[in-house]
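Below you can see the structure in the form of structure tokens.
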């Protein structure tokens, strides 16, 4: 049984080394002896077969605009996958493009794929948080945020967590979770720095596919290096309890 | 504007000199003297610059500024011009002001024919308003300093703003996505002479990752059918062939790679633009072939009978191009990553297949490099955050059979490494 990982628009949405999210998922599954196939989808490609995991990353506003028509084409498929429980991990612009709409200016709004409820206003002043930290069900998520947006979700939609340092959605929360679809403003890329989240996503995908994901000693060795990198950002956080 | 009499600059410049002396005693930075003099004499920069017979030239772009400034200066000197240039990396307003004022006489005169200045894109428009450059070159627009600029489109806007302050001509990389479009805009506007340099489509296609230019998604790229004054027709290791005025010339470059060859093509185009009929391609080639690399950019240091090659790591493009043009898998590798490189996310976009291991990782953010290698399943020896200890560890290790250590360093780590290895000529720049 092969687990397939599909990265959407890697030539357009790769501003912050976003392929790293795919790298992290694939590496961790292979260390567990799982057979993995990697795929990429570019605008205009034949519509892809249903994958086990989808990733979509960060990009410039001009890249997002240029994807508007292709997103519309992919929207029904993405919504169907999300409904069915396919694991989707969307960061930054990718998260916004999978919401209901993205605003770039007073009268410029493009529709998103509608996987997540809510809308992004990406016309705000730029926010850059080197050590962006989110308290979540998967422990402290850490990374970097660099965007110009405020995201307003539906009140009953669960965020990925509460912001400990940084801005995220703009209301003290970050991202959104719907079925097995996760959206966030964390890059770094997020999954290389947050193995608990990566393992959770892998667990969901392998569970659906009937494959066992069992961590090995090699995961522990990898995660020791992850800890070193995480601690550099964690040491930059203001003392606990304080919010920016 | 009245011609400066000169005497009214004596006091401001003396004040600047005293400041320089005082900051050096304290071991401080070099920006303060510029601040002091400009406070006392706000127009001094423009007045000094306006006396130069060949005016002021700006060298702009994400990568290659120091290298191109160095090449262009060598070409101009070979043609008999007296060149003033800013020390590599001192490319923000106060650093430039301090560098200019250090070379200015008490009466506000500079002993030079031309000023060739590398300029930070973020401050370019401000500096251009002060210095009124006649010509400029823009080398490339790469995904660079996202932490500072947000997105490449913003940098394109900055270049547009700088171009608006240039008075006579501009030289652009024909093959760069954003700059090709800027060229079309400037041609339509008709105010500036616009010229191009580039590399043939074959050369670009044969480069493992091209020139790693940022993509412009705002509309369909214009067909690259325009002429380049200087065009790279071949680049392999240290050897390049550049077409100029209908003839192809062989050039042995001081450092490797397509990016270096393209910088040379830029320098030829810009030199010819400034020298007019006096430009002699043979002199230009001699200058390029005899110039030394700028410190830290493909520079090879001799340390106790072993070579240390320093490759600078600034962003995805500089790392990728330096990797792509390594002649073989490097045997003995140090890789340092500094705190000044704020967001290391781009490391995941790099193709590291040219490396099979790294011996020592250093710098305050070295763990991010280690993690990148770990996800690739590549061995990274040890992490030694202190750069001088890391360098010593490399030198104490087994002597590489190739006779060469390869160091990937970002700016601050490069400076510290050179200092530690006894190369203390940094203030003088690369002559």
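Chains as they are written, first to last, in the working numbering: chain A, 2 to 245; chain B, 1011 to 1441. Backbone N, C-alpha and C define an ideal beta-carbon position, used for all residues, glycine too. Computed from a predicted model, the values in this text were never measured in an experiment.
Which of the three DSSP states, helix, strand or coil, is assigned to residue i?
i: residue 1354/B; result: helix
i: residue 156/A; result: coil
i: residue 1250/B; result: strand
i: residue 96/A; result: helix
i: residue 1221/B; result: coil
i: residue 1309/B; result: strand
i: residue 1022/B; result: helix
i: residue 1437/B; result: Interpretation of residue 1437/B is limited by its pLDDT of 42, a score under 50 that renders its predicted location unreliable; no figure is taken from the coordinates.
i: residue 1430/B; result: helix
i: residue 104/A; result: strand
i: residue 228/A; result: helix
i: residue 1263/B; result: coil
i: residue 1415/B; result: strand
i: residue 1272/B; result: helix
Are any of the Cβ atoms in chain A nearer than 9 angstroms to that of residue i?
i: residue 1225/B; result: yes
i: residue 1384/B; result: yes
i: residue 1422/B; result: no
i: residue 1153/B; result: yes
i: residue 1430/B; result: no
i: residue 1378/B; result: yes
i: residue 1355/B; result: yes
i: residue 1381/B; result: yes
i: residue 1190/B; result: no
i: residue 1359/B; result: yes
i: residue 1161/B; result: yes
i: residue 1072/B; result: no
i: residue 1351/B; result: no
i: residue 1228/B; result: yes
At a Cβ threshold of 9 angstroms, is residue i touching chain B?
i: residue 150/A; result: no
i: residue 168/A; result: no
i: residue 55/A; result: no
i: residue 131/A; result: yes
i: residue 41/A; result: no
i: residue 67/A; result: yes
i: residue 243/A; result: Confidence in residue 243/A is poor, its pLDDT being 47 and thus under 50, which makes the residue's placement too unreliable to answer from.
i: residue 181/A; result: no
i: residue 190/A; result: yes
i: residue 142/A; result: no
Looking only at its own chain, which residues have a Cβ that is under 6 angstroms from the Cβ of residue i, when we skip the five neighbours before and after it?
i: residue 1401/B; result: 1427, 1430
i: residue 1096/B; result: 1106, 1109, 1127
i: residue 64/A; result: 13
i: residue 1441/B; result: For residue 1441/B, the pLDDT reaches just 29, beneath the cut-off of 50, and the residue's location in the model is therefore unreliable, although a value from the coordinates is still provided. Nothing listed; no residue qualifies.
i: residue 1416/B; result: 1319, 1340, 1343
i: residue 1333/B; result: 1364
Quick one, are the C-beta atoms of residue i and residue j less than 9 angstroms apart?
i: residue 1349/B; j: residue 1396/B; result: no
i: residue 10/A; j: residue 40/A; result: no
i: residue 148/A; j: residue 186/A; result: yes
i: residue 1173/B; j: residue 1141/B; result: no
i: residue 1112/B; j: residue 1030/B; result: yes
i: residue 21/A; j: residue 60/A; result: no
i: residue 189/A; j: residue 143/A; result: yes
i: residue 1062/B; j: residue 1120/B; result: yes
i: residue 1023/B; j: residue 1045/B; result: no
i: residue 1361/B; j: residue 1388/B; result: no
i: residue 1079/B; j: residue 1098/B; result: yes
i: residue 207/A; j: residue 1385/B; result: no
i: residue 1146/B; j: residue 1124/B; result: no
Excluding the 5 residues preceding and the 5 following residue i in the sequence, name in chain order all residues of the same chain whose CB lies nearer than 7 angstroms to its CB.
i: residue 114/A; result: 72, 75, 76, 79, 80, 98, 99
i: residue 1248/B; result: 1262, 1263, 1266
i: residue 16/A; result: 59, 60, 61
i: residue 1323/B; result: 1329, 1418, 1419, 1420
i: residue 1213/B; result: 1242, 1243, 1244, 1245, 1268
Take residue i and list the residues in its own chain whose beta-carbon comes closer than 8 angstroms to its own, dropping the five residues that flank it on each side.
i: residue 86/A; result: 180, 181, 205, 209
Note to self: Is it the case that the region 153–163 of chain A contacts the region 174–182 of chain A, given that we only count it when at least three CB pairs across the two stretches are under 8 angstroms?
What the structure shows: yes
Check: How do the region 1187–1194 of chain B and the region 1143–1156 of chain B stand: do at least 3 beta-carbon pairs fall below 8 angstroms, yes or no?
Finding: yes
Item checked: At least three beta-carbon pairs within less than 8 angstroms, the region 220–231 of chain A to the region 113–129 of chain A -> no
Check: Touching or not, the region 1199–1216 of chain B and the region 1233–1245 of chain B, by the rule of three or more beta carbon pairs under 8 angstroms?
Finding: yes
Margin query: Does the region 1301–1308 of chain B come into contact with the region 1375–1394 of chain B, if we say contact requires no fewer than three beta-carbon pairs (one atom in each stretch) closer than 8 angstroms?
Written below: no
Next item on the list: Mind the definition here: the region 48–56 of chain A touches the region 124–131 of chain A only if three or more C-beta pairs lie below 8 angstroms; say whether that holds.
Entry: no
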